[in-house]
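Plus 1 on top of the position in the sequence shown (first one is 1) and you've got our numbering.
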Amino acid sequence: MIIILLSSLHLRAQQPSKLVAYVGIVNPIVSLSSGTITPNFKDSYQVGMPTGINILREGHLGFSLEMVPYIKIASGNSKMSNFLFHPGVLFPIGKEFTFIARVAFETSGRYGLTPVLSKVITHGQAGKLFLATPFPVRFGNEQKISIAAAFQFGYIF
Numbered sequence: 002m003i004i005i006l007l008s009s010l011h012l013r014a015q016q017p018s019k020l021v022a023y024v025g026i027v028n029p030i031v032s033l034s035s036g037t038i039t040p041n042f043k044d045s046y047q048v049g050m051p052t053g054i055n056i057l058r059e060g061h062l063g064f065s066l067e068m069v070p071y072i073k074i075a076s077g078n079s080k081m082s083n084f085l086f087h088p089g090v091l092f093p094i095g096k097e098f099t100f101i102a103r104v105a106f107e108t109s110g111r112y113g114l115t116p117v118l119s120k121v122i123t124h125g126q127a128g129k130l131f132l133a134t135p136f137p138v139r140f141g142n143e144q145k146i147s148i149a150a151a152f153q154f155g156y157i158f
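Printed below as a string of structure tokens:
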């Protein structure tokens with residue numbers, strides 16, 4: 002029994018993993034907290050630049066490590082407003098769709114979960130263009146729970 006288990010683990014370890022990197026732009030669209038809906042473009046504009054590495058196994062789960070600096074522009078001034086550490090698990094669901102379950106840790110003191118639905122939309126010679134819809138849910142830092150929706154596009158190398 003132990004020999005069968007060990008040989009099974011050995012065969013799994015021999016399956017090649019693929020390492021890919023990506024970069025993109027994420028635009029928060031709207032957030033909801035305490036019954037108040039706040040659009041991103043109302044009093045300021047916030048944009049993030051997700052950069053990450055995915056470790057993929059053919060047809061199986063993968064691991065993603067994403068980092069996102071955010072810039073906020075308001076009243077003609079801009080500043081880096083937040084940095085998000087965003088690891089997660091990739092679940093390929095077919096037809097180049099992927100569900101990503103991420104945990105979130107922000108320098109603002111907030112933390113939470115981010116379910117993401119991603120779709121590869123075109124293949125190039127050097128990589129792939131993708132679209133994604135993240136739905137961040139955040140807690141902590143003495144603030145009410147917030148739920149948001151965003152639009153992300155990027156390039157996988």
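Here a beta-carbon is modelled for each residue, glycine too, at the ideal position from N, C-alpha and C.
Nearest candidate by alpha-carbon position, reference residue i, set the options
i: Thr99; options: Pro40, Tyr46, Val48, His61; result: His61
i: Ile101; options: Arg111, Thr115, Leu130; result: Thr115
i: Pro51; options: Val21, Gly63, Ile26; result: Ile26
i: Glu67; options: Ile38, Ile74, Val117, Ser34; result: Val117
i: Ser79; options: Ile54, Tyr46, Pro17, Ile94; result: Tyr46
i: Ile30; options: Ser109, Asn55, Ala133, Tyr156; result: Ala133
i: Ala150; options: Asn41, Tyr23, Gly36, Val24; result: Asn41
i: Asn83; options: Leu91, Gly77, Val69; result: Val69
i: Asn55; options: Gly49, Thr37, Pro93, Lys43; result: Pro93
i: Lys19; options: Glu97, Glu59, Gly36; result: Glu59
i: Val21; options: Met81, Pro135, Lys129, Thr123; result: Lys129
Limits of the beta strand (DSSP E) - the one that residue i falls within
i: Glu107; result: 98 to 107
i: Met68; result: 63 to 75
i: Ser147; result: 147 to 157
i: Ser119; result: 112 to 124
i: Lys129; result: 129 to 135
Same chain, Cβ closer than 6 Å to residue i, five either side skipped, listed in chain order
i: Gly89; result: Ser65, Ile101, Ala102, Arg103
i: Leu7; result: Unreliable placement is indicated for Leu7, whose pLDDT of 45 sits below 50; no coordinate value is reported for it.
i: Thr39; result: Ser32
i: Phe106; result: Phe86, Tyr112
Coil, strand or helix - residue i by DSSP
i: Phe92; result: strand
i: Met81; result: strand
i: Leu33; result: strand
i: Lys19; result: strand
i: Gln144; result: coil
i: Pro51; result: coil
i: Phe86; result: strand
i: Asn28; result: strand
i: Arg139; result: strand
Own chain, CB closer than 8 Å to residue i, minus 5 neighbours either side, in chain order
i: Gln144; result: Ser34, Arg111
i: Ala127; result: Phe158
i: Ile146; result: Ser34, Val138, Arg139, Phe140
Proximity test, residue i beta-carbon vs the ligand NAP heavy atom, cut-off 8 Å
i: Ala127; result: As presented, the structure is devoid of all ligands, the ligand NAP included, so that no description of it is given.
Residues of its chain near residue i, where Cβ-Cβ distance is below 7 Å and the 5 sequence neighbours each way are ignored
i: Ile74; result: Ser45, Tyr46
i: Asn142; result: Ser109, Gly110, Arg111
i: Glu97; result: Lys120, Val121
i: Leu10; result: With a pLDDT of 49 at Leu10, under the threshold of 50, the predicted position of this residue should be treated as unreliable, though the coordinate-derived value follows. Once the five neighbours on either side are set aside, Leu10 has no close Cβ partner at all.
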